[in-house]
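*Asks:*
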Amino acid sequence: MLSLKESFFLNDVLKELNYSFGNVFIFDGFVISEINSGITFTWENHAKVIVDDVTSFLDTDGRDLVYISNRINSYAVKPNDWLKFFTNSYSLKGYGVVAQTKGSIMNTVIENLFFNKKIQRFQSLEAAIQWAKTKVLVEM
1 MLSLKESFFL NDVLKELNYS FGNVFIFDGF VISEINSGIT FTWENHAKVI
51 VDDVTSFLDT DGRDLVYISN RINSYAVKPN DWLKFFTNSY SLKGYGVVAQ
101 TKGSIMNTVI ENLFFNKKIQ RFQSLEAAIQ WAKTKVLVEM
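With the UniProt record's numbering applied, the sequence shown covers 1 to 140.
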């Protein structure tokens, strides 16, 4: 799978956030994450930091943002931590996952049990970005 850093989309990044657990790329209207291999992604240790940094940089509560998880590495997500995201009054316009392995696809199915909207799945980063741009423009 293609990392954002290896794509021509890197030119459109407004800000790149680098963490010990992965990288987050902020665009106009959407955010893409690439989490490092072996991480167990949780609200307390990872998501809250990202949410705080992104919402601070964009001055938003996230309701107008699309989040794309570009799963180029194998890692786990604590799916019930989505509940903590929502109980802290955060929201998203949409959530997309770029994944090609069966494990990543199964993780998405489980996450969808805790996410309050449908998670969109994609085979390519390009398709996910096109969806995000369309979702941002259509629902402005």
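Just so you know, even glycine gets a beta-carbon here, dropped at the ideal spot from N, CA and C.
Do you know offhand how far Lys84's Cα is from Trp43's?
*Replies:* In the sequence shown, residue 84 corresponds to position 84, counting from 1. In the sequence shown, residue 43 corresponds to position 43, counting from 1. Whole-angstrom Cα-Cα distance: 7 Å.
*Asks:* Val13 to Asp28, Cα distance in whole Å?
*Replies:* Against the sequence shown, residue 13 aligns to sequence position 13. Against the sequence shown, residue 28 aligns to sequence position 28. Cα-Cα distance, rounded: 8 Å.
*Asks:* Which of the three DSSP states is assigned to Ile32 in this structure?
*Replies:* By 1-based counting over the sequence shown, the position of residue 32 is 32. Residue state, collapsed to three classes: strand.
*Asks:* Anyone know if the C-beta pair for Val24 and Ser37 falls short of 9 Å?
*Replies:* For this step, residue 24 is matched to residue 24 along the sequence shown. For this step, residue 37 is matched to residue 37 along the sequence shown. No, they are not a contact pair.
*Asks:* Please list, in chain order, all residues of the same chain as Asp53 whose beta carbon is under 6 Å from its beta carbon, the five residues on each side excluded.
*Replies:* Stepping through the sequence shown from its first residue, residue 53 is reached at position 53. These residues qualify, in order along the chain: Leu17.
*Asks:* Just to confirm, is the Cβ distance from Leu2 to Ser124 under 9 Å?
*Replies:* Residue 2 sits at position 2 when you count from the first residue of the sequence shown. Residue 124 sits at position 124 when you count from the first residue of the sequence shown. Yes, the pair counts as a contact, with Cβ atoms nearer than the cut-off.
*Asks:* Could you have a look at Leu113 and say whether DSSP puts it in helix, strand or coil?
*Replies:* Reading the sequence shown from its first residue, position 113 is the one you call residue 113. At Leu113 the pLDDT is 46, less than 50, meaning the model places this residue with poor confidence and gives no usable figure here.
*Asks:* Let me know the secondary structure DSSP gives Phe85 once reduced to three states.
*Replies:* Locating residue 85 in the sequence shown gives position 85, where the first residue counts as 1. Helix.
*Asks:* Please report the straight-line C-alpha distance between Phe9 and Ser69, rounded to a whole angstrom.
*Replies:* The residue given as residue 9 occupies position 9 in the sequence shown. The residue given as residue 69 occupies position 69 in the sequence shown. Each residue's Cα considered, the two are about 15 Å apart.
*Asks:* With burial defined as no fewer than 16 other Cβ atoms inside 10 Å of the residue's Cβ, what is the status of Ala99: buried or exposed?
*Replies:* As a first step, residue 99 must be located in the sequence shown, where it is residue number 99. Buried, since its Cβ has 16 or more Cβ neighbours within 10 Å.
*Asks:* Where Ile35 and Tyr75 are concerned, what is the direct C-alpha to C-alpha distance, given to the nearest angstrom?
*Replies:* As a working mapping, residue 35 is identified with position 35 in the sequence shown. As a working mapping, residue 75 is identified with position 75 in the sequence shown. C-alpha separation (whole angstroms): 7 Å.
*Asks:* Does the beta-carbon distance from Arg71 to Val97 come in below 9 Å?
*Replies:* Numbered from its first residue, the sequence shown carries residue 71 at position 71. Numbered from its first residue, the sequence shown carries residue 97 at position 97. Yes, Cβ-Cβ distance for Arg71 and Val97 is below 9 Å.
*Asks:* Where Thr134 and Lys118 are concerned, what is the direct C-alpha to C-alpha distance, given to the nearest angstrom?
*Replies:* Here residue 134 corresponds to residue number 134 of the sequence shown, with the count starting at 1. Here residue 118 corresponds to residue number 118 of the sequence shown, with the count starting at 1. One C-alpha to the other measures close to 16 Å.
*Asks:* Please report the distance separating the alpha-carbon of Asn80 from that of Phe41.
*Replies:* Counted from its first residue, the sequence shown places residue 80 at position 80. Counted from its first residue, the sequence shown places residue 41 at position 41. Roughly 11 Å between the two C-alpha positions.
*Asks:* Rounded to whole angstroms, what is the Cα-Cα separation between Val31 and Ile39?
*Replies:* Counted from its first residue, the sequence shown places residue 31 at position 31. Counted from its first residue, the sequence shown places residue 39 at position 39. When rounded, the distance between both Cα atoms is 19 Å.
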